[in-house]
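The next block holds one structure in the form of structure tokens; read it before the comments.
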Amino acid sequence: EGMLRELLARGADRGVLVSAREFGGSDTFATSQILAAAVNKIGVGPEDIVFCGRQAIDGDTAQVGPQIAEKLHLPQVTYVTDIQKNGDELIVKRQLEDGYMELKVHTPCLLTCIKELNNPRYMSVSGIFECYDKPIDVFDYNALKDDPLIETDTIGLKGSPTNVYKSFAPPVKGAGMMVESVDQLVGMLNDKHLI
23 EGMLRELLAR GADRGVLVSA REFGGSDTFA TSQILAAAVN KIGVGPEDIV
73 FCGRQAIDGD TAQVGPQIAE KLHLPQVTYV TDIQKNGDEL IVKRQLEDGY
123 MELKVHTPCL LTCIKELNNP RYMSVSGIFE CYDKPIDVFD YNALKDDPLI
173 ETDTIGLKGS PTNVYKSFAP PVKGAGMMVE SVDQLVGMLN DKHLI
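Under the working numbering, the very last position in the sequence shown is 217; numbers go up by exactly one each time.
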């Protein structure tokens, strides 16, 4: 709730907290079901853009945003670094591994954004005081259960097809070796019968 209050203080019109015991244990599939139902409840108009982060810090999969777009039948662009709006058309800059791609997409749409897209505005003093007067809507299971995406076998642990069998940290690499010359490198490779 604290993060929602901060967003209200920064100028957001509304805060919605999606939370219920029934949602606990959800993987990316079930989480996207729940969030898509919440977006359905809020409603998506013809000029709207659904913004998602690039990825969550727990699973680090970058799957929830695209899965929400698929469930809402919205066009999507991932890894967005810049947006220019012209009517119902957006020109979006998408980050790639070795460069950028510029795309056009029509609203309504869903964008997953990286932190370089925007520096959030500072909270104003009046915004800080007013954020505590604004209600935060809570969408629990009862608020969302009538959406076709919400069924007991599509949410929470029961609706999560992902099974983690083992989680581990990769082995630590040993210290590197400085090779001073080509002759030294050739000698090392020759000693190991690699050349």
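Ideal placement from N, C-alpha and C gives every residue a C-beta, glycine not left out.
Cβ neighbours of residue i in the same chain (closer than 6 Å, five flanking residues each side left out)
{"i": "Gly87", "result": "Cys74, Thr134"}
{"i": "Val99", "result": "Val114, Arg116, Leu125, Val127, Leu133"}
{"i": "Tyr122", "result": "Lys115"}
{"i": "Thr184", "result": "Asp49"}
CB of residue i within 8 Å of CB of residue j, strictly
{"i": "Ile158", "j": "Leu39", "result": "yes"}
{"i": "Ala31", "j": "Ile136", "result": "no"}
{"i": "Asp162", "j": "Ala42", "result": "yes"}
{"i": "Gly198", "j": "Phe45", "result": "no"}
{"i": "Asp35", "j": "Thr129", "result": "no"}
Cross-strand partners of residue i (DSSP beta bridge)
{"i": "Leu125", "result": "Val114"}
{"i": "Val102", "result": "Arg116, Cys135"}
{"i": "Leu39", "result": "Val160"}
{"i": "Gly75", "result": "Cys135"}
{"i": "Asn108", "result": "Glu111"}
Residues of its chain near residue i, where Cβ-Cβ distance is below 7 Å and the 5 sequence neighbours each way are ignored
{"i": "Thr176", "result": "Ala52, Gln55"}
{"i": "Gln89", "result": "Thr50, Phe51, Ser54"}
{"i": "Ser182", "result": "Gly47, Ser48, Asp49, Phe51, Ala52"}
{"i": "Arg225", "result": "Outside the shown range of the chain (23 to 217) lies residue 225, about which nothing can therefore be said."}
{"i": "Val160", "result": "Leu39, Ser41"}
{"i": "Cys153", "result": "Arg27, Leu30, Ala31"}
Spatial distance of residue i from residue j (CA atoms)
{"i": "Arg27", "j": "Phe190", "result": "36 Å"}
{"i": "Ala84", "j": "Asp120", "result": "19 Å"}
{"i": "Glu111", "j": "Gly67", "result": "14 Å"}
{"i": "Val72", "j": "Pro97", "result": "10 Å"}
{"i": "Ile138", "j": "Tyr144", "result": "Position check: residue 138 holds Glu in this sequence, whereas Ile was assumed. Approximately 16 Å between the Cα atoms of the pair."}
{"i": "Gly109", "j": "Gly24", "result": "34 Å"}
{"i": "Leu29", "j": "Glu202", "result": "55 Å"}
{"i": "Ala165", "j": "Gly33", "result": "25 Å"}
{"i": "Gln106", "j": "Pro142", "result": "17 Å"}
{"i": "Lys188", "j": "Lys180", "result": "20 Å"}
{"i": "Gly37", "j": "Val194", "result": "43 Å"}
{"i": "Gly196", "j": "Asn140", "result": "39 Å"}
Any chain B beta carbon closer than 8 Å to residue i
{"i": "Ala34", "result": "You won't find chain B in this structure, because it holds only one protein chain."}
Cβ neighbours of residue i in the same chain (closer than 8 Å, five flanking residues each side left out)
{"i": "Leu118", "result": "Tyr101"}
{"i": "Lys93", "result": "Ser54, Gln55, Ala58, Leu171"}
Heavy atom of the ligand GDP within 7 Å of residue i beta-carbon
{"i": "Ile177", "result": "The ligand GDP is not part of this structure, which contains no ligands at all."}
For the stretch 58–73 and the stretch 162–172, state whether three or more C-beta atom pairs, one from each stretch, are separated by less than 8 Å. yes
Using 8 Å as the cut-off, can you tell me whether the stretch 97–111 makes contact with the stretch 206–213, which would need three or more C-beta pairs spanning the two stretches below that distance? no
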